[in-house]
Amino acid sequence: MSTMLTVDDLRVSFPTRTGLIEAVRGVSFTLGRERLGIVGESGSGKSQTGRAIMGLTPAHAKISANKLNFDGIDLLTAPAKTRRALRGSRIAMILQDPKYSLNPVMSIGRQIVETLRTHESVSRREARDRAIAMLEAVQIRDAARVFDLHPHEVSGGMGQRAMIAMMLIAGPELLVADEPTSALDVTVQLEVLGILDKLVSERGMGLIFISHDLRLVSSFCDRVIVMYAGKIVEELAASDLGNAKHPYTQGLLNCMPTLGTNRHPLPVLDRQLEWAL
Amino acid sequence: MTAIVSAENLTVSFDDFLALDNVSIDVAPGESFGLVGESGSGKSTLLRAIAGLSPVTDGRITLDGKPLDVKYRDKAFYRQVQMVFQDPYGSLHPRQTVDRLLQEPLAIHGVADAERRILRALDEVGLGSSFRFRYSHQLSGGQRQRIAIARALIIEPQIMLLDEPTSALDASVQAEVLNLLEQVRRDRKLTYIMVSHDLGVVTHMCERLAVMKNGKVVERLSSSDLVAGRLSEDYTKNLMVASKGFVRDVAV
Ligand SMILES: Nc1ncnc2c1ncn2[C@@H]1O[C@H](COP(=O)(O)OP(=O)(O)OP(=O)(O)O)[C@@H](O)[C@H]1O
Ligand SMILES: Nc1ncnc2c1ncn2[C@@H]1O[C@H](COP(=O)(O)OP(=O)(O)OP(=O)(O)O)[C@@H](O)[C@H]1O
Ligand SMILES: [Mg+2]
Ligand SMILES: [Mg+2]
């Protein structure tokens, strides 16, 4: 499988008044035309890893890597203009806070239409029809109404899907999806995953799927990276999750409330200091 | 049952769109009541209506048997009822420190003992005191969500409206937060109304639940009915099937 993205020893840290916060501490992986899942503890550096790939690391942060390469382009040294151009077209990210990454003063529909029209020259009419079709594809009921709503007027899950629709219309080669379905009920979640799945298998898109939902990731992705305290502690074939070796991963599998099990209180992890070394 | 919170024939509309269409629920004191259902079905709107934040056009909401004003909620109400919003990004002011965010409800309600409470609240949600002087924009999604929970719990309300309170948390932290919520409910006899799209979480936390679709409650059942598959609505059945995970063959 051809590699489109190489991440080697990526580090992101934030200088603050009270000291340096090391968010990502030497993360390495490669990605081909596949679905790569990233799971990990809250605060373990998943979003910051995705943002670094996108070039969305906050300006005051320190970022370094031996290699951060997309299709032959060195992302760390590429001029800002090149990165912006990549971001608009070949690489896209669905941010974890979709409603706040959309423009608050523009209707959802207009934002999707504008994205489409920066990629293709289509008539106003056709752009509108395609935007509505895309909203319908992500299972939004009453897409014509939602087209005219502003971000603060849609529900959590609708905002997430609007953001997904916008990214899909851009047709990227690499998509970083940060918790893209965390607000969706399970039926809609599966439909949205189905769409992403098709983009990978039919259009050869590379997908980084960040999620805290281990069950979902293991049924959807090909490979899974497990992060803890800024590092990758384990990498597994998704089908092999049951054989996880790291105690964090093992613990994760055990502390989910599931239908029909009755465990009060739920088992919790006994986090060891050496996991974070 | 004398309900501590009830919604009777509640209707909320945005222009001609009915976000809630004649919805009724009754929640008993000390109960944990779940809301599940389709995205956009009105779950957040219902919680927000109880908190006085949705434009109610018909029906009424009662607290301890007394009807509430359609919109206005006084300070005493928020002392008794706290809400954790669905969106951890929108609900915390980004330019405030965690300390300030936790300080604020204590100051509003004149609660003494701020120092001890803040340290305890941080500890309870698994964020040590090193987070105390961070700005909320310096936190990850799940860390913000935990601050939002700490902020609601810190003044010890009687009723908590929890909108997807663990949706941004990995299973390990989720287990800790759910255990915390269960423990404080037991210790302080709290009442919860909780929205979650995760049926495992809802059945773990709640005795009874309502299933919503299209602005209406389509089914009411106990968690044990749900677990045993005693369901009448097709929609609920679909939810059950879908919660087993992604299956590539049936994908669109
Ligand atoms: N602007 C910032 N300044 C300082 N620290 C930050 C900043 N942004 C993030 N962090 C810290 O970096 C670490 C990694 O954050 P990141 O958002 O990548 O976590 P995450 O794995 O996505 O977690 P979650 O699952 O909760 O979203 C966290 O401990 C967070 O507090
Ligand atoms: N201010 C508003 N203006 C117009 N429509 C609104 C407004 N607020 C909510 N709505 C609509 O009300 C409906 C219900 O929204 P609500 O947020 O209650 O859904 P939900 O069940 O919480 O969904 P989710 O699971 O996705 O969070 C949606 O169709 C939404 O677009
Ligand atoms: Mg994150
Ligand atoms: Mg909601």
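Residue numbers (my numbering), protein chains in the order written: chain A, 5 to 281; chain B, 631 to 882. Virtual Cβ for every residue (Gly too), placed ideally from N, Cα, C.
At what residues does the alpha helix (DSSP H) containing residue i begin and finish?
i, result
"residue 753 (chain B)", "744 to 754"
"residue 766 (chain B)", "Run containing residue 766 (chain B): none; DSSP gives neither H nor E here."
"residue 221 (chain A)", "218 to 224"
"residue 644 (chain B)", "Element bounds for residue 644 (chain B): not the alpha helix (DSSP H) but the beta strand (DSSP E), 635 to 644."
"residue 146 (chain A)", "No alpha helix (DSSP H) holds residue 146 (chain A); DSSP gives it neither H nor E."
"residue 671 (chain B)", "Neither: residue 671 (chain B) is in no alpha helix (DSSP H) and is coded neither H nor E."
"residue 82 (chain A)", "Element bounds for residue 82 (chain A): n/a, residue is neither H nor E."
"residue 113 (chain A)", "112 to 123"
Using only the alpha-carbon positions, how far apart do residue i and residue j sit?
i, j, result
"residue 114 (chain A)", "residue 152 (chain A)", "8 Å"
"residue 727 (chain B)", "residue 22 (chain A)", "13 Å"
"residue 84 (chain A)", "residue 634 (chain B)", "57 Å"
"residue 4 (chain A)", "residue 700 (chain B)", "Since the first residue of chain A shown is 5 and the last is 281, residue 4 (chain A) is not available in this structure."
"residue 738 (chain B)", "residue 207 (chain A)", "55 Å"
"residue 259 (chain A)", "residue 121 (chain A)", "46 Å"
"residue 18 (chain A)", "residue 218 (chain A)", "28 Å"
"residue 24 (chain A)", "residue 234 (chain A)", "13 Å"
"residue 276 (chain A)", "residue 772 (chain B)", "20 Å"
"residue 92 (chain A)", "residue 86 (chain A)", "10 Å"
"residue 670 (chain B)", "residue 241 (chain A)", "35 Å"
"residue 747 (chain B)", "residue 859 (chain B)", "43 Å"
"residue 274 (chain A)", "residue 57 (chain A)", "32 Å"
"residue 161 (chain A)", "residue 178 (chain A)", "23 Å"
"residue 645 (chain B)", "residue 653 (chain B)", "18 Å"
"residue 832 (chain B)", "residue 867 (chain B)", "16 Å"
"residue 704 (chain B)", "residue 711 (chain B)", "11 Å"
"residue 885 (chain B)", "residue 29 (chain A)", "Coverage of chain B is limited to positions 631 through 882, which leaves residue 885 (chain B) absent and any answer about it impossible."
"residue 828 (chain B)", "residue 88 (chain A)", "37 Å"
"residue 32 (chain A)", "residue 636 (chain B)", "53 Å"
"residue 269 (chain A)", "residue 776 (chain B)", "19 Å"
"residue 144 (chain A)", "residue 166 (chain A)", "9 Å"
"residue 846 (chain B)", "residue 164 (chain A)", "22 Å"
"residue 787 (chain B)", "residue 800 (chain B)", "26 Å"
"residue 854 (chain B)", "residue 103 (chain A)", "35 Å"
"residue 198 (chain A)", "residue 54 (chain A)", "22 Å"
"residue 133 (chain A)", "residue 140 (chain A)", "11 Å"
If you measure from the beta carbon of residue i to each beta carbon in chain A, is any gap under 8 Å?
i, result
"residue 711 (chain B)", "no"
"residue 708 (chain B)", "no"
"residue 882 (chain B)", "In this prediction, residue 882 (chain B) has a pLDDT of 37, which is less than 50 and means its spatial position is unreliable; what the coordinates show is noted afterwards. Output row for residue 882 (chain B): interface = yes."
"residue 686 (chain B)", "no"
"residue 876 (chain B)", "yes"
"residue 766 (chain B)", "no"
"residue 647 (chain B)", "yes"
"residue 799 (chain B)", "yes"
"residue 803 (chain B)", "yes"
"residue 674 (chain B)", "yes"
"residue 808 (chain B)", "yes"
"residue 884 (chain B)", "Outside the displayed span of chain B (631 to 882) sits residue 884 (chain B), for which this structure offers no information."
Using a Cβ-Cβ distance cut-off of 8 Å, determine whether residue i contacts chain B.
i, result
"residue 145 (chain A)", "yes"
"residue 103 (chain A)", "yes"
"residue 264 (chain A)", "yes"
"residue 14 (chain A)", "no"
"residue 187 (chain A)", "yes"
"residue 47 (chain A)", "yes"
"residue 81 (chain A)", "no"
"residue 180 (chain A)", "no"
"residue 142 (chain A)", "no"
Considering residue i, what are the terminal residues of the beta strand (DSSP E) in which it resides?
i, result
"residue 790 (chain B)", "789 to 793"
"residue 232 (chain A)", "227 to 232"
"residue 24 (chain A)", "23 to 35"
"residue 19 (chain A)", "9 to 20"
"residue 847 (chain B)", "846 to 852"
"residue 74 (chain A)", "71 to 74"
"residue 651 (chain B)", "647 to 657"
Practice task
Could you please tell me which residues of the stretch 728 to 752 of chain B, in chain order, have their CB closer than 7 Å to any CB of chain A?
Solution key: none
Problem - 4-residue-minimum alpha helix (DSSP H) runs that sit fully inside the stretch 237 to 266 of chain A, ordered along the chain - result: 251 to 258
Problem - Positions along the stretch 810 to 833 of chain B whose CB lies within less than 7 Å of some CB in chain A - result: 812, 827, 829, 830, 831 and 833
Exercise for the section: Kindly provide the ranges of any alpha helix (DSSP H) runs that are 4 or more residues long and lie completely inside the stretch 683 to 729 of chain B, ordered along the chain. Expected result: 705 to 710
Practice task
Give the residues from the stretch 649 to 664 of chain B that approach chain A closer than 8 Å (Cβ to any Cβ), ordered along the chain.
Solution key: none
Exercise for the section: Can you give me, in chain order, the residues of the stretch 205 to 230 of chain A that have a beta carbon less than 7 Å from any beta carbon in chain B? Expected result: 216, 218, 219, 220, 223 and 224
Practice task
Check distances from the C-beta atoms of the stretch 239 to 261 of chain A to those of chain B and list, in chain order, the residues that come in under 9 Å.
Solution key: 252, 255, 256, 257, 258, 259, 260 and 261
Handout entry: chain A contacts made by the stretch 850 to 870 of chain B, where a contact means CB separation under 7 Å
Key = 857, 868 and 869
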